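Numbering (our numbering), first residue to last: 9 to 258.
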């Protein structure tokens with residue numbers, strides 16, 4: 009017998025799939041398509057923070073499995089559209105994304121100078137230590153994890169490679185404009201800058217790998233007005249608890 013109602017969470021995902029379809033539509037202007045892809049990402053952030061965190065607390069494993077499968081499918085489609093369609097089309101129009109592996113000598117020099125003068129002074133990497141609490145990971149903030157290899161040989165050959173985490177300050181722009189020729193505009197991402205220049209953050213170490221990631225944390229925390237003197241006090245407590253809530257998605 010067919011159910012009388014659609015599952016609320018799965019139905020919402022299909023709504024977001026319709027938003028994504030606008031980003032896939034070749035008749036929509038390119039920058040508007042890019043905007044639709046951004047809306048999909050923002051929508052999924054809210055979805056995981058509230059609805060999926062509720063499913064996890066309810067231990068609804070069947071729905072969680074269906075959510076995971078469908079969301080992975082849509083995000084793969086989203087990134088394929090960005091990397092294989094929209095960015096190449098933007099390049100044809102003179103707006104070109106340049107990854108760090110394709111910098112010209114002038115662009116590489118520009119990026120190195122930018123890193124030394126503007127980024128290096130405000131970045132604070134934190135090393136992951138077994139004996140210390142794991143560094144705080146802020147929700148929905150871009151982070152990068154570096155694996156390191158010391159230039160000095162260790163006596164412990166079985167020791168794990170050191171790992172250092174870096175939160176990228178939200179005040180920094182994600183898009184970095186590069187020196188360009190003619191009418192074409194070229195840009196790179198701060199991800200590329202930190203991949204290329206990350207070694208400078210760790211004197212005495214060689215960076216053997218880096219991975220950019222974001223964590224979405226549980227934000228479905230109810231306001232208990234009866235336990236506090238005022239609604240403002242209750243909201244302050246909820247906002248404080250959200251900073252250290254459990255992760256829902258990596």
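We put the beta carbon where it would ideally sit given N, CA and C, even for glycine. Every value quoted in this text rests on a predicted model; they were computed, and no experiment measured them.
Please classify residue i: is it buried, with 16 or more other beta-carbons within 10 angstroms of its beta-carbon, or exposed?
i           : result
residue 169 : exposed
residue 124 : exposed
residue 86  : buried
residue 158 : exposed
residue 14  : exposed
residue 12  : exposed
residue 84  : exposed
residue 258 : exposed
residue 227 : buried
residue 75  : buried
residue 106 : buried
residue 127 : buried
residue 61  : buried
Taking the alpha-carbon positions, what's the residue i to residue j distance?
i           : j           : result
residue 91  : residue 193 : 18 Å
residue 147 : residue 225 : 5 Å
residue 208 : residue 141 : 25 Å
residue 78  : residue 42  : 21 Å
residue 113 : residue 186 : 12 Å
residue 132 : residue 46  : 28 Å
residue 40  : residue 212 : 46 Å
residue 143 : residue 134 : 7 Å
residue 72  : residue 130 : 39 Å
residue 150 : residue 99  : 26 Å
residue 50  : residue 27  : 11 Å
residue 23  : residue 56  : 15 Å
residue 184 : residue 38  : 20 Å
residue 122 : residue 188 : 16 Å
residue 111 : residue 89  : 24 Å
residue 103 : residue 139 : 48 Å
residue 35  : residue 210 : 47 Å
Comparing C-alpha positions only, which one of the options sits nearest to residue i?
i           : options               : result
residue 16  : 58, 32 and 47         : 58
residue 137 : 121, 128, 223 and 155 : 155
residue 173 : 184, 206, 189 and 180 : 206
residue 175 : 223, 183 and 139      : 223
residue 255 : 49, 65, 26 and 35     : 65
residue 53  : 152, 21, 37 and 34    : 21
residue 218 : 171, 48 and 50        : 171
residue 94  : 44, 122 and 80        : 44
residue 97  : 48, 60, 32 and 115    : 32
residue 201 : 103, 62, 70 and 117   : 117
residue 220 : 190, 152 and 184      : 152
residue 68  : 145, 214 and 18       : 18
residue 101 : 115, 191 and 177      : 191
Tell me, to the nearest whole angstrom, how far the beta carbon of residue i is from that of residue j; I am working on the premise that it is less than 8 Å.
i           : j           : result
residue 108 : residue 196 : 7 Å
residue 180 : residue 119 : Not quite, the Cβ-Cβ distance comes to about 14 Å (not below 8 Å), so this is no contact.
residue 63  : residue 25  : The Cβ separation is near 19 Å, so there is no contact.
Report whether the distance from the Cβ of residue i to the nearest heavy atom of the ligand NAD is below 8 Å.
i          : result
residue 46 : For the ligand NAD, the structure offers nothing, since it holds no ligand at all.
Taking only beta-carbon atoms, is residue i less than 9 Å away from chain D?
i           : result
residue 131 : The structure shown contains no chain D; it holds only a single protein chain.
Which parts of the segment 156-209 are runs of the alpha helix (DSSP H), unbroken and 4 residues or longer, counting only runs that do not cross its ends? 198-205
Whole alpha helix (DSSP H) runs in the segment 81-159 with 4 or more residues, listed along the chain? The DSSP assignment places complete alpha helix (DSSP H) segments of no fewer than 4 residues inside the segment 81-159 at 95-100 and 113-122, in order along the chain.
Alpha helix (DSSP H) runs contained entirely in the segment 16-86, provided each spans 4 or more residues: 16-32, 38-55 and 61-66
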